[in-house]
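Engineer: First the structure, which I've put down as structure tokens, then a few questions once you've had a look.
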Amino acid sequence: MDYTYNRISFFMNGKAVSADLPPAISTLDYLNKSCGLYGTKCSCNEGDCGACTVVIAYVREGAVMYEAINSCLYPAAKLHGKHLLTIEALGSPDQLHPIQEAMLRHHSTQCGYCSPGFVMSAFALFAMKQKPDREEILAALEGNLCRCTGYDSILNAMEELSRTQNPETIVPTWARALEPELFRFKTPVLCFNQQSSSLHSSGAYHLPSSLEEAFSLLEEHPEARIINGGTDIMVQVNISRLKIPVLIDISGIDSLRQISLNKDGVRIGAAVTYSDLERSGIVKTDLPWLLELTKVLASRQIRNFGTLSGNIANASPIGDSLPLLLVLNASLILSSKASQRQIPLKDFFLSYKKTALAAGELITEIVIPIPPQGAYIKFIKAAKRKAVDISAIASAICLETDPQGLIKTARLALGGAAEIPKLSSGFSSILGIKPEDINAEELANLLASEFQPISDVRGSAAYRQTLIKNQILKYLDEVSRRQP
Amino acid sequence: MSKLPYHLSGKLHLTGSSRFIADEAPLPGMLYAKFLFSPHAHALLKDLDTSAAEAYPGVFKVITAKDIPGQNMIGHVIKDEPLFPSEIMYAGQPLAMVLAEDISIAEHAVSLIKAEYEELPPVFEVRTADQNQAWYVPERKIESGDVAKALASAEFTLSGTTSSAGQEHFYMETQRARAIPLEDKQIMVLSATQSTMECQEVISHVLGLPAHNIIIEVPRLGGAFGGKERAATIWAVMAALGTYLTKRPVEVLLSRDEDMKVTGKRHPFRSDWTVGYSSTGEISAYELTLLANGGAYADLSVAILERAMFHAENCLHIPNIRIKGRACITNLPPNTAYRGFGAPQGIFVIESIIEKLASKLGRDPLELRRLNMYQDRDLTPYGQRIEHCPLAAVYDKLEANSDYQKLKIELDKYNQMSTLYKQGLAITPVKFGISFTTALLNQGSALVWIYIDGSVSVTTGGIEMGQELSTKVAIVVSRTLGIPIEQIHVESSNSQRVGNASPTAASTGSDINGNAARIACEEIMSKLRPAAAELMQSKWGVQTSADSMVFEGGKISCPRSSDSLSFTELIRYAYNSRIPLAAYGYYSTPGVHFDREKGIGKPFHYYVYGAALSRVELDLLSGEHRLLSVHIVHENGSSLSAEIDRGQIIGAFIQSLGWCSMEELKHDAHGRYLTVSPSTYKIPGIRDLPEQLQIEILESGAEEASVYGSKATGEPPFIYGMSVFFALQNAIRNVNPEAELSFPATPEAILKALK
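Going down the list, the sequences are from chains A and B. Residues in the first sequence are numbered from 238 upward in steps of one, following my numbering. Residues in the second sequence are numbered from 320 upward in steps of one, following my numbering.
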């Protein structure tokens, strides 16, 4: 069969590399199959275990970032212009890296299969953060599963490193030496046709560097699917063996990777990652709830390349960010070659995984108005595990009262309760009354009757009904305790 | 406390340089296997048309039952499991194997196979299977005293049913094997197995070749937990069969979702019970029927059931007891060994009962446990005498370490104040029997070579799977030969170097293989000692006896001389003097026996004891909880390495916490597992660590312990995780004393119990 290959240029473990990639090949497959590097392990191939964690270094806002990613979900083509660091480059048995040294001393490895992934996650953490605290360590390692150690020895090693490690020794000198190259990098990606006897998951993978280029590609390939972070599409490629004729990756369009404060609120570009949100001063000051949400969403590795716009475009009924964005009255800028329109997020989801996105259109920005001072805004995510789990029910609330203490804004959105994430209509029944006069039980029952969740592997319908009710009770309990 | 020595493979693991099967360069000409898995749980395979697959470019061969040269049988103890079935017994059962040059081609070709099925009614529920009398073997029974009479005369009786659920192993390294053709019909099989002997034996039967033609090599496993004791065999056989038929290297590598779909899990149990007890809390009688959901084939189900029965009374001495057990056939993938091997399922029942009785009697469960606990010289229901029982000391320590009495008061206060959150507390003890209950498996071998430069190579029948058996064996060799660890290399397991190896299982790895290595080293030492005395005399004229030579730190000295020999020097001398520098060590665990018909014997060499306390804070609205603190007291003989044992204790605790409170297997109406990825099947992550964790290892110096006074550690601490379940239950019963928490205690189960 004929495929469109990508010739990309990047750096791997300190050396300049040019690679010819079959379309949509993951970084993990590239390492294992094309490079003969086997230190990076495949355990789940869907970004949920962290065994395949590698680190990418790239320029972002005038600095070089070191970020851990799941190589199984990271299309290798995205490596273009970046520096890929794998376990092979970080220390050797004869000369361990300080992280490896600490993990050895603390007996932080047993069967060893997850160890390279833990080392790489820890490397990205310590490369970017001096003396991380316990919470930062947990956040960095929550995306790495270990079935042997029970994690205690790993955590101990990290805490000791944080106390004693000289930060200068974390990023190897050869990696530092390469950083100027990342700033200077200009080579474009090449596409060319090639025959292959292997069956690849996609016919072509395009990496436009500008919006114009993206629109032209969309016009040329109406059957194409947009890929952004790829944290969902690559799962479908790896596990469901989804075949996609053409993929257009918009994550490399710099103009889309911006967060700005405007009159109509905070504008978040489509290529902004969750980690970008976490680092953003604007988000921290003006949308602290979004920051809180980002912390409990997915894993460190996924947050490093997953995007908010991807979560929206994917339109999963249980997309973690969606209830909060709904109650914040977020809207989307949808752009095509010919036009641009703004649509409220609540009108974007049509039915199960169907959206209002027209042919040739992309989400280019998310606009989130800044809620008024004093509004009560909160979200709750109910899941089996504390971190890196898909919710059974996720909800968010926004309540505002007028100077008389009467409720003037009441929005509640639910995920996992219907075929799309959506705002409750019944919740407006509390408008015009005082929060303390709400009959919590009654309201909760009303809401529970508005939504008819289904049973699936993450929970029964009855469980979800209970959660809907209890999450409302929890919000109201908190509202009642608020200082006026 | 010294943390030395470190993991023998630690530097390799942490730099990604350690070798795992299939995570290595493809061999020239290698073929990749993919399987047609049955979509039905119970059906007759009427027709299988592989012609389109076979014709697809890049496909080398499609293998089905008709291609098997020997017996189509991979059942081991009970011969009931074919490699490729005609009557399909579970969804996910392999029906055909495609071998192709490329994995994507193999996968595509599988979709071209046409199969016709005649569906038969499947059974998934253990109760239904039991009613149909679908058992692998007749009911098993262990009995002592007179239960009927004791129940009749008991002040109170209580009956109930208790269920525990299955668990996916989730070893990080999925099932895999590579087979390589050698000359003269020999095949080398690199298998991720816990049992080289079983793989070799089964492959030789399937291929119709003598065992010496099949060489099994196991570098190490990326985790196993019992899931590669028997469940690895089928994949090793597939690879070997592929190689036998094509004369090419063949790789079998399951993806995570394939692995989770088609492999067996921990046995779900359902148990009916009645206890007789007094108002003062003495338990006089216990009648129990354990039903194990064995899945499609016998696998290890009967032995697992038996271990559940052996652990049914856990730490309690109950004078009148009758334990019955039936392992039932259902149409799920054959359930198999999993850390604890039935013991957790048996123990869960009696611990549930104690918690219930305590709440009925308004007593502290720990008081009831103390009141009924084993004392020295008590007999177990199967007639093994309890000796050196440290339970009282374990409870004392645990009470002191956790400040138990104060903690209870604190909890009561908190719970009175708090409406939306409740705290709970529970203690779970363990008495875990060590030895294979199939007595013949309690044997092990080791081969030790000292090379001319004084470096040492050790092979045992044991498999390194992360439990650091290699490190422990090296510690034993280092102690016995008096040389530094760095001088010792513990080799991969290989059936040519050590044959007929028992599986590395039942926590016996270091007992059996460590002892075999010790014996081999002692034999070499018996020749080296006189040689050393001779050399001392010839060098310095020191008159000394062989027995007085001290081997330590790579030097040999004697009290009569200030000079010492180096180990290397002695080895060179011994070689020149034609003294053997190698030995084969053989160990069999003394005194273990069990009569299955009578249910009497001494199945265990010794017991491991301990107890754990967990404290949780439950959010009544979400059903989610925080694990505030955990205290563990673990009796462990004289540990070979406290750090390794600590790692086993915490690892087992967290794995068990997953089983009890998080991990949930679901299958559809067709018996197909739905939870086949880490996105739907949640194992604990780093945020599930207790906020506060304290472990005290009690050095007991127990004389019945094993190599250098150490005790096994792999499985016993698995029981501790149950304390999280019972602490959650305790928190729930603060709201509703009658609430029944189902297993596992997920937020969903908790909210249901609170309703």
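The beta carbon of each residue, even a glycine, is placed where N, CA and C say it ideally should be. Remember, predicted model here, so these are calculated numbers, not experimental data.
1) Which same chain residues, not among the five before or five after G595(B), have their C-beta less than 6 Å away from its C-beta?
2) Please name the residues in the stretch 335-355 of chain B whose beta-carbon is closer than 8 Å to at least one beta-carbon of chain A, in chain order.
3) At a cut of 8 Å, does the stretch 339-351 of chain A reach the stretch 321-329 of chain B through at least three beta carbon pairs?
4) Give a yes or no on whether 8 Å exceeds the smallest Cβ distance from D866(B) to chain A.
5) Taking 8 Å as the CB-CB cut-off, is T823(B) touching chain A?
6) Taking DSSP as the reference, what is the three-state secondary structure of Q967(B)?
7) Is there at least one non-hydrogen atom of the ligand GDP closer than 7 Å to the beta-carbon of A1068(B)?
8) At a Cβ threshold of 8 Å, is I306(A) touching chain B?
9) Which chain A residues sit within Cβ distance under 8 Å of Y657(B)?
10) So is K725(B) in contact with chain A if we call contact Cβ pairs under 8 Å?
11) Quick check on K385(B): buried or exposed, where buried means 16 or more other Cβ atoms within 10 Å of its Cβ?
12) Taking P878(B) as the reference, which of T887(B), A865(B), F886(B), G872(B) has the closest Cα?
13) With distances taken from CA atoms, which of T592(A), K368(A), L534(A), T264(A) is nearest K659(A)?
14) Evaluate I728(B) with the Cβ neighbour count: other Cβ atoms within 10 Å of its Cβ, from every protein chain shown; 16 or more gives buried, anything less gives exposed.
15) Can you tell me which of P1066(B), Y1039(B), E438(B) puts its alpha carbon nearest to the alpha carbon of A362(B)?
16) How big is the Cα-Cα spacing for I709(A) and I407(A)?
17) For a minimum of 4 consecutive residues, which ranges assigned as the alpha helix (DSSP H) are wholly contained in the stretch 582-657 of chain B?
18) Could you name the residues of the stretch 325-356 of chain A whose beta carbon sits closer than 7 Å to any beta carbon of chain B, in the order they occur along the chain?
19) Identify each residue in the stretch 605-631 of chain A for which the Cβ-Cβ distance to at least one residue of chain B is less than 7 Å, and report them in chain order.
20) Measuring CB atoms only, is the stretch 528-545 of chain B touching the stretch 649-665 of chain B, in the sense that at least three cross pairs come out at less than 8 Å?
21) Taking Cβ to Cβ, would you say A662(B) is nearer than 8 Å to F755(B)?
22) Counting only the same chain and skipping the five closest in sequence on each side, list residues whose C-beta sits under 7 Å from that of M868(B).
23) Taking 8 Å as the limit between beta carbons, can you name the residues of its chain near E1067(B), skipping five residues before and five after?
24) For A371(B), which option in K322(B), A434(B), S423(B) has the closest C-alpha, if you only look at C-alpha atoms?
25) Confirm, please, whether the CB-CB distance from L739(B) to D626(A) is below 8 Å.
26) Mind checking the stretch 463-488 of chain A against chain B and listing, in chain order, the residues whose C-beta falls within less than 9 Å of any C-beta there?
27) Just to confirm my understanding: we take Q873(B), look at its own chain, exclude 5 residues before and 5 after, and list those with CB closer than 6 Å. What are they?
28) Specify the secondary structure class of I691(A) as computed by DSSP and reduced to three states.
29) Report the rounded CA-to-CA distance for M320(B) versus Q1011(B), giving the unit in angstroms.
30) Distance, Cα to Cα, G354(A) vs L322(A)?
31) Would DSSP call H950(B) helix, strand or coil?
32) Give, in chain order, every unbroken run of the alpha helix (DSSP H) that is at least 4 residues long and sits entirely within the stretch 441-469 of chain A.
33) Looking only at its own chain, which residues have a Cβ that is under 6 Å from the Cβ of I642(B), when we skip the five neighbours before and after it?
34) In this structure, does DSSP put G665(B) in helix, strand or coil?
35) Just to confirm, are S1019(B) and E954(B) a CB contact at a threshold of 8 Å?
36) So, at 6 Å on beta carbons, what are the nonlocal neighbours of V995(B) in its own chain, with the 5 sequence-adjacent residues on each side left out?
Structural biologist: Taking the coordinates as given:
1) For G595(B), where only same-chain residues beyond five positions count, the Cβ hits under 6 Å are A469, L470, A473, T476, S603, A604.
2) Those residues of the stretch 335-355 of chain B that come within reach of chain A (Cβ to Cβ, closer than 8 Å) are G335, S336, S337, F339, D342, E343, A344.
3) Yes, they touch.
4) So, not an interface residue.
5) Between T823(B) and chain A, the shortest Cβ-Cβ separation is not below 8 Å.
6) Reduced to three states, the DSSP call for Q967(B) is helix.
7) Inclusion of the ligand GDP in the displayed structure is not the case, the ligand content being empty and no account of it being possible.
8) I306(A) does not count as touching chain B.
9) Those within 8 Å of Y657(B) in chain A number zero; the least Cβ separation is about 12 Å.
10) Not a single C-beta of chain A is nearer than 8 Å to the C-beta of K725(B).
11) Exposed.
12) Checked all of T887(B), A865(B), F886(B), G872(B); the closest Cα to P878(B) is A865(B).
13) Per the Cα distances, T592(A).
14) With fewer than 16 neighbouring CB atoms inside 10 Å of its own CB, I728(B) falls in the exposed class.
15) Out of P1066(B), Y1039(B), E438(B), E438(B) has the C-alpha closest to the C-alpha of A362(B).
16) I709(A) and I407(A): Cα-Cα distance of roughly 46 Å.
17) Taken in chain order, the complete alpha helix (DSSP H) segments of 4 or more residues contained in the stretch 582-657 of chain B are 620-629.
18) Contact residues of the stretch 325-356 of chain A toward chain B are E325, G328, S329, P330, L333, Q337, M340, L341, R342, H344, T346, Q347, C348, G349, Y350, C351, S352, P353, V356 (C-beta to C-beta distance below 7 Å).
19) Cβ contacts with chain B: A619, K621, R622, K623, A624, V625, D626, I627.
20) Contact holds between the stretch 528-545 of chain B and the stretch 649-665 of chain B, because three or more Cβ pairs, one in each stretch, are under 8 Å apart.
21) Cβ distance not < 8 Å, so A662(B) and F755(B) don't count as in contact.
22) The answer, listed in chain order, is R848, A851, A852, I875, C877.
23) Closer than 8 Å at Cβ, skipping near neighbours: G942.
24) Closest in alpha carbon position to A371(B), among K322(B), A434(B), S423(B), is A434(B).
25) D626(A) places its beta carbon 8 Å or farther from that of L739(B).
26) Answer in chain order: V472, N475, I476, R478.
27) According to the sequence as given, residue 873(B) is Gly; it is not Gln. Result list for G873(B): I802, P803, F886, in chain order.
28) Looking at I691(A) - three-state DSSP - the assignment turns out to be coil, as it is neither helix nor strand.
29) Because M320(B) sits at a pLDDT of 44, beneath the cut-off of 50, its placement in the model cannot be relied upon, and the point is left open.
30) Cα-Cα distance, rounded: 12 Å.
31) It is a strand residue.
32) Taking 4 residues as the minimum length, the alpha helix (DSSP H) runs contained wholly in the stretch 441-469 of chain A are 448-457, in order along the chain.
33) The beta carbon of I642(B) lies closer than 6 Å to those of I461, L607, M628, A631 in the same chain, with the five residues before and after it left out.
34) Helix at G665(B).
35) In this structure, E954(B) lies closer than 8 Å to S1019(B) by Cβ.
36) So the list reads D576, M579, K580, once near-sequence residues are dropped.
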